[in-house]
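Enquirer: Heads up, the sequence shown is in my numbering, so the first residue is 1 and it goes up one at a time. No residue lacks a Cβ here, since even glycine has one placed at the ideal position from N, Cα and C. Fair warning: this is a prediction, and the values are worked out from it, not measured in the lab.
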Amino acid sequence: MIAAMTALKRWPGRRALFPEALPDPEGEAVAAIASLRFSVTLADRSKTIDLTMLSGRRALARSFAGALWRACQVGGPAGSISTASAYANALKTFWRYLDAVSPHVVRLSDVSAACIDGFDAWMEESGLHPNHRLHRMSKVLNLLRLAEAAEPGRLPPDASRRLMYTSDRPGVRARPRDAYGDDIAKALRTAARTDLAAIIRRFADADRMPTVEDAFRSSALAAAHEAAMAAIDAEGVIGHRHPLFKRLYTLRRESGLPNDRLIHDLHGRRHLLAADLVSLIVLVSLDTGLEIEAIKDLRADCLKNPAGGYVEIEYCKRRARGAEWKRLRVRDGGSSTPGGLIRKVLQWTGPARDRLGADTLWVHYAWGRLIPRVLGMKEPVASWTRRHDIRDEQDQPLRLNLTRLRKTHKAAWYRRTGGQLERFAVGHSTAVAANHYADIPALRHIHEATIADAMSDALDAALRPCVLSPDEEAAVRVDPDHATGLPISGAAAVTALLRGEQDVWLASCGGFYASPFGPEGEACPSPFWGCLECSNAVITARKLPALLSFLSFIRTQRQALTEADWTTKFGRVHGRIADQILPRFSEAEIDEARQAAAADPRLIYLPPEAGAP
């Protein structure tokens, strides 16, 4: 029986293959600890971590060096070069604290809970921002945890217990990045699309000579241009000192042609340039909402499972511990779709990728060589926004923050989904979607309008008058003792109400001296059309002529007031009459009331102010 159940629970799959022999990293770790200097490779980038300036505490420095080396290995908390550098900088800050306050701490066994708390207090006293203090504190504590795991029992018990939390000092709630407004997003998308069209034309005309018309092309200049392009095809790049480039440069200068961007013009016909990456990354981010770091790290095989006009983009989200690799399904087609745009990039970067033997997407030309990954974007982004003259909300030159593009995409998606978090939360939990992507200033007006609408709906439900159609009125007259839904009860009171003995301007009043708008026992202080917002009001067919006359009056007021003023003064009461009261009566009853109102040119049952010109 157990065997049968086990057989039923088997899942289809494939065998997992592991290398037969893995190099022992112990020797590398020993060398790193001894020299306090080692190289790390994370996310296809390498960096040398130099801790040789941690002087005076050789034993403690070796413990921390070993911990940092382990943090930078596969599965460690340092998943990128920038994070590894942040760990090293936090360690150097801790060292400065020891030099200034705790010079007696020279080995791991000397680190106490008081020493750790003192480091926290020292950073706070130095004026460090609370969040920066917490970040550095957490990194030093992570290194201490790794050091304790490597050297069990060396850390004092009180310090070991202290590693269970980061700090008892409060931080500051981080202000979430805001989305760009619709006007800025439109300007960014337009500029990026313009550049994309130019890139497509540039690769389509790759074999044409730049800025030279066919009719005036000299044979020598054409030959020099073709030779330079042949050198790029053969070697991948051509340098400023290359003889073929120098010859082309000289011939163009003698022909009066500009040479200021010649090196970029030549390479731009075979490779993407660093300036091209800005517009392409902006488009991918606005269209997909992927994190900028994930877009930069896309692989050449990132497109998966194309079907039905859609394709999946496989990307790595490094901060999603344990679930770094994710997929996002997007539209696939021409260059106006995310899938089609990435296919274009794959086509343009293919030759350079083959030459470098790289598997990254954004292979491009910069600084005289082919580069397999995206480097610093600060200067290219600033140049791109200046070139397109993109302005912010204050009409100042925009300082584009690429990380805000994801928020911009999410804000647009939030509006399309109507704020439904189940549909809105794509790529993260519902709590993160609500706190980090929905609760931003760019969407605050939507939330405020929603609250205002909800309050209006609640007010409508609470203060809606009682409307009786002729059939309902007849039923109440037959048995007034058992009438329900009226603001009063009792045969005498109901009969008096229906006879018009308590009529006011637009309704019969169930309690003129018990108004919800004023103290009980005093006359109702509401304006005459306030009856339509009163739970004491009872509206019957007898009030239709007055209602129709008043409706005609407030519609006439559109000509005398601005639309905003009219909406503020009469919009609510107009909706109450036209959308809630009149539909309760038949067309014949409304026509009869309209004729009665027209027979008397004065506004029936209305005060003088409603008849004012």
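(1) Measuring only the C-alpha atoms, how far is T417 from Q396?
(2) So if DSSP puts V330 in a beta bridge, which residue, or which two residues, is it bridged to?
(3) Would you say the beta carbon of L361 comes nearer than 8 Å to a heavy atom of the ligand ADP?
(4) Excluding sequence positions up to five away, which residues of its chain have a Cβ less than 7 Å from the Cβ of R594?
(5) Please classify F38: does DSSP put it in a helix, a strand, or coil?
(6) Within the continuous alpha helix (DSSP H) that includes I292, where are the two ends?
(7) Once DSSP output is grouped into helix, strand and coil, what is the label at W325?
(8) Checking the sheet assignment: what are the DSSP bridge partners for I116?
(9) In this structure, does DSSP put P77 in helix, strand or coil?
(10) So, A90 versus K139, is the Cβ gap smaller than 9 Å?
(11) Drop a sphere of 10 angstroms on the beta-carbon of S285, count the other beta-carbons inside from all chains shown, and report buried for 16 or more, exposed for fewer.
(12) Would you be able to state if there are at least three C-beta pairs under 8 Å between the stretch 235-254 and the stretch 311-330?
(13) Here's a check: name, in chain order, each residue in its chain whose Cβ is nearer than 7 Å to the Cβ of F585, leaving out the five neighbours to either side.
(14) Relative to the C-alpha of L108, which candidate in G153, Q73 and G118 has its C-alpha closest?
(15) Is it the case that the Cβ atoms of T408 and Y87 are separated by a distance below 9 Å?
(16) Are the CB atoms of D44 and P372 within a distance shorter than 9 Å?
(17) Straight-line CA distance for A442 to M455?
(18) May I have a chain-ordered list of the alpha helix (DSSP H) segments no shorter than 4 residues that lie completely inside the stretch 339-416?
(19) Tell me, which residues are paired with T48 by DSSP?
(20) So, is E609 buried or exposed, given that buried needs 16 or more other C-beta atoms within 10 angstroms?
(21) Could you check the C-alpha separation between H482 and V476 for me, to the nearest Å?
(22) From F216 to A222, what distance separates their C-alpha atoms?
(23) Determine the extent of the alpha helix (DSSP H) in which I232 is found, giving its start and end residues.
(24) Going by the CB atoms, is the gap between D158 and A113 shorter than 9 Å?
(25) Kindly list the residues whose CB is nearer than 6 Å to the CB of R386, restricted to its own chain and excluding five residues on each side of it in sequence; keep chain order.
(26) Assuming L402 and M377 form a contact by the criterion Cβ under 8 Å, report the distance between their Cβ atoms to the nearest whole angstrom.
(27) What residue range does the alpha helix (DSSP H) around V538 cover?
(28) From what residue to what residue does the alpha helix (DSSP H) around T194 run?
(29) Could you pull out every unbroken alpha helix (DSSP H) segment of at least 4 residues lying fully inside the stretch 242-298, listed in chain order?
(30) Expressed to the nearest angstrom, what Euclidean distance is found between the alpha-carbon atoms of P380 and A274?
(31) For R161, which residues in the same chain have their Cβ closer than 8 Å to its Cβ, ignoring the five residues on either side in sequence?
(32) So, are the CB atoms of R270 and N259 less than 9 Å apart?
(33) Report all residues from its chain with a CB closer than 7 Å to the CB of W325; omit the five preceding and five following residues, and keep chain order.
(34) Under the DSSP definition of a beta bridge, which residues are partnered with K304?
(35) Give a yes or no on whether the C-beta atoms belonging to L146 and R37 are separated by under 9 Å.
Expert: This is what the structure gives:
(1) Looking at the two C-alpha atoms, the distance is approximately 32 Å.
(2) Under DSSP, the beta-bridge partners assigned to V330 are V311.
(3) With respect to the ligand ADP, the structure offers nothing, as it holds no ligand at all.
(4) Residues L548 of the same chain have their beta carbon placed closer than 7 Å to that of R594, with the five preceding and five following residues left out of the count.
(5) DSSP places F38 in strand when its eight states are reduced to three.
(6) I292 to K296 is the span of the alpha helix (DSSP H), which, as asked, contains I292.
(7) strand
(8) BP columns for I116 are empty, so no partner.
(9) coil
(10) yes
(11) buried
(12) no
(13) S469, A541 and L544
(14) G153
(15) No, the Cβ-Cβ distance between T408 and Y87 is not below 9 Å.
(16) yes
(17) 22 Å
(18) 378-388 and 404-416
(19) S39
(20) Here E609 scores only 44 on pLDDT, less than 50, and its place in the model should not be relied on; the value that follows carries that caveat. By the 10 Å Cβ count, E609 comes out exposed.
(21) 8 Å
(22) Annotation note: pLDDT 46 at F216 (below 50); position unreliable, coordinate value reported separately. Each residue's Cα considered, the two are about 10 Å apart.
(23) S219 to E235
(24) Contact: yes.
(25) Around R386, the same chain offers no residue with a beta carbon nearer than 6 Å, after the five sequence neighbours per side are excluded.
(26) 7 Å
(27) Unbroken run through V538 is the beta strand (DSSP E), A537 to I539; no alpha helix (DSSP H).
(28) D182 to A204
(29) 243-254, 262-267, 274-288 and 292-296
(30) 7 Å
(31) A113
(32) no
(33) If you ignore the 5 residues before and after W325, its C-beta comes within less than 7 Å of the C-beta of E314 and C316, all in its own chain and listed in chain order.
(34) E312
(35) no
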